[in-house]
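K.L.:
The structure's right below; bear with me while I get my questions together.
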Amino acid sequence: MITKIGLKGFKLHGSTSITASPITIFIGPNNSGKSSLVQAIQALCQTNPNNSIFLPTIGKTNDNIYRYLPNTYKVDLGNFKDVIRQGNEYVHIRLEGSLPKITMDFQVKIKNNMLCDHEGFSRALEEDMEIKWEYMNGGISNANLISSRYPCEFSPKTTFQLISFNGITLTSSSSRDQQEYHKNLGQIIGNSPRDLLSTCQFSYPLRGFEESGYFLPGQPPEKCSMLENITLNDRTTALIAAFAYNASLRKEVAEKLSDIMGVNYDIDVQWIGDNRVQLLLKQPTNTLMVNEGTGLQQMIAFLVQLILVPDNSTVFIAEPEAHLHPRSQVEMGRLLLKFFKKKKIQLFIETHSEHLLHAFLHAILRQELQRDELSVCYFENKDGNATITQQEIDELGRVKGGFSGFFEQSLQELTEFLEAIGTK
1349 MITKIGLKGF KLHGSTSITA SPITIFIGPN NSGKSSLVQA IQALCQTNPN
1399 NSIFLPTIGK TNDNIYRYLP NTYKVDLGNF KDVIRQGNEY VHIRLEGSLP
1449 KITMDFQVKI KNNMLCDHEG FSRALEEDME IKWEYMNGGI SNANLISSRY
1499 PCEFSPKTTF QLISFNGITL TSSSSRDQQE YHKNLGQIIG NSPRDLLSTC
1549 QFSYPLRGFE ESGYFLPGQP PEKCSMLENI TLNDRTTALI AAFAYNASLR
1599 KEVAEKLSDI MGVNYDIDVQ WIGDNRVQLL LKQPTNTLMV NEGTGLQQMI
1649 AFLVQLILVP DNSTVFIAEP EAHLHPRSQV EMGRLLLKFF KKKKIQLFIE
1699 THSEHLLHAF LHAILRQELQ RDELSVCYFE NKDGNATITQ QEIDELGRVK
1749 GGFSGFFEQS LQELTEFLEA IGTK
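For the working numbering, add 1348 to where a residue sits in the sequence shown, where the first one is 1.
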């Protein structure tokens, strides 16, 4: 779970820091820095062995089933110069978070697409072991084990692995089991920054289903993370394959879809020759998915990712309300809350929907969600600088002070309409 995000020198973000909760909602006008904050995390997740953070786009190669981007690819940001904030030389990214039995806090400094400096600490919660490290390119490089029952050795890395566990000095006074336990613990601590990033999953607002039929590959996508690494052209094919090879997945998606839309749905795959399939929606008659509305198509792709995502993941979701009726937006919020509880996932939700937001605020009033489980961050663009206000929420789900500019537009339009009616 990510508990704090810091960002400096990245697009609109001169100096940003937010405290995250199990559910964190980003709201605010367009071009206020919401997506940029997520993109910075994506960039950090996609670092490769060559130590670069902004990767070139790579399309289909050889005879791959799908057009994959590089192994850990999450986002195409162009070049470093395309994201560095004017007047800045470095991008700083800081993450604070936790894994089972481990807490950590680390920050990196990037220049010209390469890691320059990094520092941080990682601590075992139930053991007397904590490591602090610092690495400066061309300068200081050290790692200090603050305390431990056994002599352990760590060292900072010159790559985005950040820290490595080098081993433990064996002593005659400790049993082999104790030594093995602390060796494993040292490896967990050494891998903790990358392990935290590996829990992140991303659901994009463009999700596919543009054609009436698809040629089926010889195998389904193996896991949820494959869906985010496949180019948009082939993402729908991967989703179709997931349905074609997994009847239980079709059933579960149909059930969730019915809950949101208030209509009983069934999903089926029809083979139409030459290894080509069509996706059908039954309600009760069969309808080709391509003939359904965009909102329903987008929702199906989104639900597949939520169902396949591993438990305890951190899931970043862009505009889950896209193309949905207001009532369905509320039901989508309630469904996200169910996934949150069932799979123990952390949610970062970027939205423009007051209906989706109200679903979570009302859950606090109904005591379905604790107040400290929800953070609402309001983004604004003030003179080219992202400013973020973390809203105060009371025990009734009310937001102190409201959201300047978020709900007023509807009220203004209603006022103008009533005034216009009054002149007739």
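Beta carbons: idealized from backbone N, C-alpha and C, even for Gly. Remember, predicted model here, so these are calculated numbers, not experimental data.
1. If I follow the unbroken alpha helix (DSSP H) through Gly1534, where does it start and stop?
2. Decide if Phe1652 is buried, meaning its Cβ has at least 16 other Cβ atoms within 10 Å, or exposed.
3. Going by CA-CA distance only, name the one from Ile1736, Leu1473, Leu1722, Phe1687 that's closest to Asp1742.
4. Mind listing, in chain order, the continuous alpha helix (DSSP H) runs of no fewer than 4 residues lying wholly within the stretch 1645–1691?
5. Give the range of the beta strand (DSSP E) segment to which Arg1442 is assigned.
6. Report the three-state DSSP secondary structure of Gln1626 (helix, strand or coil).
7. Counting only the same chain and skipping the five closest in sequence on each side, list residues whose C-beta sits under 8 Å from that of Gly1357.
8. Measure the beta-carbon distance from Phe1469 to Lys1480 and round it to whole angstroms, keeping in mind my assumption that it falls under 8 Å.
9. Figure out for me which residue from Gly1534, Pro1541, Arg1598, Ile1516 has the closest Cα to the Cα of Thr1507.
10. Give me the Cα-Cα distance between Ala1368 and Ile1588, rounded to the nearest whole angstrom.
11. Quick one: is Arg1675 buried, meaning 16 or more other Cβ sit within 10 Å of its Cβ, or exposed?
12. Taking Leu1744 as the reference, give the member of Tyr1726, Gln1738, His1706 with the closest Cα.
13. Nearest-angstrom Cα distance between Asp1582 and Leu1473?
14. Please state whether DSSP places Phe1508 in a helix, a strand or coil.
15. Quick one: what does DSSP say Thr1642 is sitting in, helix, strand or coil?
16. Near Arg1442, what residues of its chain come up, given a Cβ to Cβ distance below 6 Å and the 5 sequence neighbours on each side ignored?
17. Give me the DSSP bridge partner(s) of Cys1725.
18. At what residues does the beta strand (DSSP E) containing Ile1366 begin and finish?
19. Please report the Cβ distance between Gly1685 and Leu1717, rounded to the nearest whole angstrom; I am assuming they are in contact, meaning their Cβ atoms lie under 8 Å.
20. Look up Met1349 in the DSSP assignment and say whether it is helix, strand or coil.
21. Look at the Cβ atom of Gln1502, then the Cβ atom of Ile1536, and state whether they are nearer than 9 Å.
22. Measuring straight from C-alpha to C-alpha, what distance separates Ile1406 and Ala1391?
23. Can you list, in chain order, the residues of its chain whose CB lies under 7 Å from that of Cys1393, leaving out five sequence neighbours each side?
24. Given this structure, state the Cα-to-Cα distance separating Gly1381 from Met1462, to the nearest angstrom.
25. So, with DSSP's three-state summary, where would you put Phe1358?
26. Indicate the three-state DSSP secondary structure (helix, strand or coil) for Lys1748 in the structure shown.
27. So for Val1611, helix, strand or coil by DSSP?
28. Hey, does Lys1480 have any beta-carbon neighbour from chain D nearer than 9 Å?
29. Counting pairs of Cβ atoms below 8 Å between the stretch 1729–1737 and the stretch 1685–1704, do you hit three or more?
30. Phe1550: which of Gln1738, Gly1515, Phe1696, Glu1728 sits nearest, CA to CA?
31. Tell me, which residues are paired with Tyr1483 by DSSP?
32. In this structure, how does DSSP classify Ile1693 when only helix, strand and coil are distinguished?
33. Give the DSSP bridge partners of Ile1458, in chain order.
34. Where Pro1377 and Glu1728 are concerned, what is the direct C-alpha to C-alpha distance, given to the nearest angstrom?
35. Pull up the distance between the alpha-carbon of Gly1445 and that of Ile1494, whole angstroms please.
36. Roughly how many angstroms separate the alpha carbons of Leu1425 and Leu1385, rounded to a whole number?
P.N.:
Walking through what the data contain:
1. 1524–1546
2. Correcting the residue identity first, residue 1652 is Val in this sequence and not Phe. Around the beta carbon of Val1652, 16 or more other beta carbons lie within 10 angstroms, which makes this residue buried.
3. Leu1722
4. Segments of the alpha helix (DSSP H) lying fully in the stretch 1645–1691: 1674–1691.
5. 1439–1447
6. strand
7. Ile1432, Arg1433, Asn1436, Glu1437, Tyr1438, Val1439, His1440
8. 4 Å
9. Pro1541
10. 34 Å
11. exposed
12. His1706
13. When rounded, the separation of the alpha-carbon atoms in Asp1582 and Leu1473 is 43 Å.
14. coil
15. In the three-state reduction of the DSSP assignment, Thr1642 falls in the helix class.
16. Gly1354, Gln1455
17. In the DSSP assignment, Cys1725 is bridged to Phe1374, Gln1738.
18. 1361–1367
19. The residue asked about is misnamed: residue 1685 is Leu in this sequence, not Gly. About 7 Å; that satisfies the 8 Å criterion.
20. It is coil, neither helix nor strand.
21. The amino acid at residue 1502 is misidentified as Gln; the sequence shows Phe. For the 9 Å CB-CB criterion, Phe1502 and Ile1536 do not form a contact.
22. Model confidence at Ile1406 stands at a pLDDT of 49, short of 50, so the residue's coordinates are unreliable; what they give is reported in the following sentence. In this structure, the CA atom of Ile1406 is about 16 Å from the CA atom of Ala1391.
23. Thr1420, Lys1422, Leu1545, Cys1548
24. A direct Cα-to-Cα measurement between Gly1381 and Met1462 gives close to 23 Å.
25. strand
26. coil
27. coil
28. In summary, chain D is missing from the structure at hand, where a single protein chain is found.
29. Contact fails: fewer than three Cβ-Cβ distances are below 8 Å.
30. Phe1696
31. His1466, Ser1489
32. coil
33. Val1439, Leu1463
34. 7 Å
35. 19 Å
36. 13 Å
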